[in-house]
Structures are given as structure tokens and as C-alpha cells.
Amino acid sequence: MSKLLKKIVFLNFLLLFLSVTDAKQKLKNETGHVNQTEDLSYDADSAEDGNEIFLVIGGHRPNMSEQSYNKYIVSIRYKKIPHTFGENHICGGSVIAPGLILTAAHCIYIPGKGPMNSDDIEVVAGTPNRLRKVETTQSSIARKLVVHRRYVSFSVQYDIGLIKLKDEFKLNDYAVTAVSLPNRSPSDGDECTLLGWGRLYENGPLPAHVLYSQLDVLTYNTCKKKLIAVNAGNICGSDPNDNAKGACKGDSGGPLICDGIFLYYEY
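Letter by letter, the sequence shown follows residues -23 to -1, 1 to 244 in mature numbering (1 follows the signal peptide of the UniProt record, and there is no 0).
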């Protein structure tokens, strides 16, 4: 595990989708101090209009033919919260191998203590509607949680974590698939897709369905000119025509995908 973590440390160079003004509050709410109100949800089926449903800070739920990235994302859940299926979602993650999930360190870390108890973390895949178990749903308890050794609580640097599963997922081409990792650094203007079950707006409910947002990548040098609180190794993403687009609480740890290739993001 430690060797694999070192192997993907370069992802920190590609790291992260950042909302600087809310980052500290976000981390406080999600890092081992799970808010009992996180189970508030909104079912997009009740607001459907044609093929797309527009929700979350510029995000949308695409029609079925466009939901090809759903197979890469997982819902990370905290078992200690009293819940029905899916109400205990805390973060997103990405399948990178049958038994390995990549996520944000702060999703599986308790400040001042270290990684959470692995038995308290469940990972669910193949479930685009996080509240509905279907034929393609697969789940596993964590066997081991690994946090980047240089991660510091409430920091946006080295915010990388791995979840080793007790039971490996059965990969296929349609519901649960390992996403391809990048072999190059991102370029300014790369159009990418952010997806997750994050809140629809500040302190709002979580959506039932995974939502998508199309954003353009801004590399560190470009982002630093716009935002002071950005660290080397970070990237940013934005829509030049809609500054409100972005991730929100509950999206942490999920993927940013460009042309079918994974770029890690968190909020």
C-alpha cells in the first residue's frame, strides 16, 4: 500500500478542485465529525424537465446516454450514523483497482487522532442514485485506510487517501470500472467533468442522483493569479461563463475526469 501511495503522489501535482472560501468549514464538517443533517436529500426525479435536470451550482444530471462516468465514482459512507441506505454518505471516491479506492485524506481522517477505524467506513459502487440499491450495486467495508504521510488536518496540501477494501469489487464495462490515471500534467483550458453527490447549494440538501458539472482546468500558475490561497500542487477548475459552478459539501474525494482520464479533485 505504501508503495502504491508513493506511486500516485504525483496526483498531488494534479490535485484539487478548490473552493478556497469554504474549504476550512468543509473540512471541519467532513473530517471525522459527521453532521447528522447530512441525510437531507433531494430526488431529482421530482424536478425533471426533458433530458436534463439542472441543479447544484450549475450542475446537472445528464440523460442516460451521457452518464458514462457513473461507473468510476463511489459513495463513501460512515457506518456509525443511524441511517437508511445512502443517508450516511460523507464523501466521493474513485475506483482505481478492484480493491482500491482513491479519495481525499480528510474524508477518512480524524484531526488529532489519525485515520478513522476502517470498520466504520463502507464503500458503495454501481449506484448512481445513492439512496436506491439496484442490481448493479456493490459494497464493501474498508480493510485499511491510508492517509498521505505529509497530510496535515484542515490543509489542502497532500490531501490524498486510499481505501483498501475487504472485498474487491467485480469490475465490468457498465456499472463499476477502474478509471484510467493520467500520464501528463493538465493544461489550461482542458474541459473536464466534475461529478458527485455534493450539496445543491451552501448548507442545502444532498441530491439523490450523482450530478455532473463541466469545468475548464486552470493550472497552478494561472489559478495563483486569481486566488491567493492556492498551494503549489493544486489546480483549479471554473466555468468562464458561470463563476457559481463548482463542488460543494459531499463532493470531496470524488473524480474530475478529462477525456475519460482521471484528475483528482476535492472540495
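Even glycine gets a Cβ: it sits at the ideal position worked out from N, Cα and C.
Because the structure is a prediction, the values reported are computed rather than measured.
By alpha-carbon distance to Lys90, the top candidate from Ser130, Pro232, Gly63 and Gly103 is Ser130. Taking C-beta separations shorter than 6 Å and ignoring five residues to either side along the sequence, Pro59 has no partners in its chain. Within its own chain, the residues whose Cβ lies closer than 8 Å to the Cβ of Ala82, once the five positions on either side in sequence are excluded, are Val124, His125, Tyr128, Tyr135, Asp136, Ile137 and Gly138, listed in chain order. For the 8 Å CB-CB criterion, Thr196 and Ile140 do not form a contact. Here Cys68 is actually not in contact with Cys169; their C-beta atoms are around 19 Å apart, not less than 8 Å. Tyr189 and Arg54 have their C-alpha atoms some 20 Å from each other. Taking C-beta separations shorter than 6 Å and ignoring five residues to either side along the sequence, the partners of Glu145 in its chain run Pro75 and Gly76, following chain order. Cβ-Cβ separation between Asp216 and Asp193: approximately 7 Å, consistent with a contact (criterion under 8 Å). Non-local beta-carbon contacts of Arg109 in its own chain, meaning distances under 8 Å to residues more than five positions away in sequence, involve Phe62, Gly63 and Ala185 in chain order. Secondary structure at His186: strand, using DSSP grouped into helix, strand and coil. Under the DSSP assignment, Thr113 falls outside any beta strand (DSSP E); it carries neither an H nor an E label. Non-local C-beta neighbours of Tyr151 in its own chain, meaning closer than 7 Å and more than five positions away in sequence, comprise Lys48, ordered along the chain.
In summary, Arg161 is exposed, with fewer than 16 beta-carbon neighbours lying within 10 Å of its beta-carbon over all protein chains present.
Relative to His66, the option among Thr104, Pro92 and Ala206 whose CA is nearest is Thr104. For Tyr197, the enclosing alpha helix (DSSP H) has its first and last residue at Tyr197 to Lys203. Rounded to whole angstroms, the Cβ separation of Gly173 and Val187 is 7 Å, and the two are in contact under 8 Å. Between the alpha carbons of Ala119 and Ile85 lies a gap of roughly 11 Å. Per the coordinates, the alpha-carbon of Leu204 lies some 35 Å from the alpha-carbon of Thr154.
Classified as buried, Val207 has 16 or more neighbouring CB atoms from the shown chains inside 10 Å of its CB. A Cβ-Cβ contact shorter than 8 Å links Leu142 with Ser117. One thing to note: Ile50 has its Cβ within 8 Å of the Cβ of Ser71.
DSSP, reduced to helix, strand and coil, places Tyr55 within a strand of the structure shown. Taking C-alpha positions only, Asp167 is separated from Lys57 by approximately 39 Å.
Rounded to the nearest whole angstrom, the CA to CA distance from Tyr178 to Lys226 is 9 Å.
Residue ranges of uninterrupted beta strand (DSSP E) with 3 or more members, entirely inside the region 116 to 145 and ordered along the chain, are 138 to 142. Val111 places its beta carbon 8 Å or farther from that of Ser52. Around the beta carbon of Gly237, fewer than 16 other beta carbons lie within 10 angstroms, which makes this residue exposed.
Annotation for Cys200: Val207 and Cys213 place their beta carbon closer than 6 Å to its own, counting only its chain and skipping 5 residues before and after.
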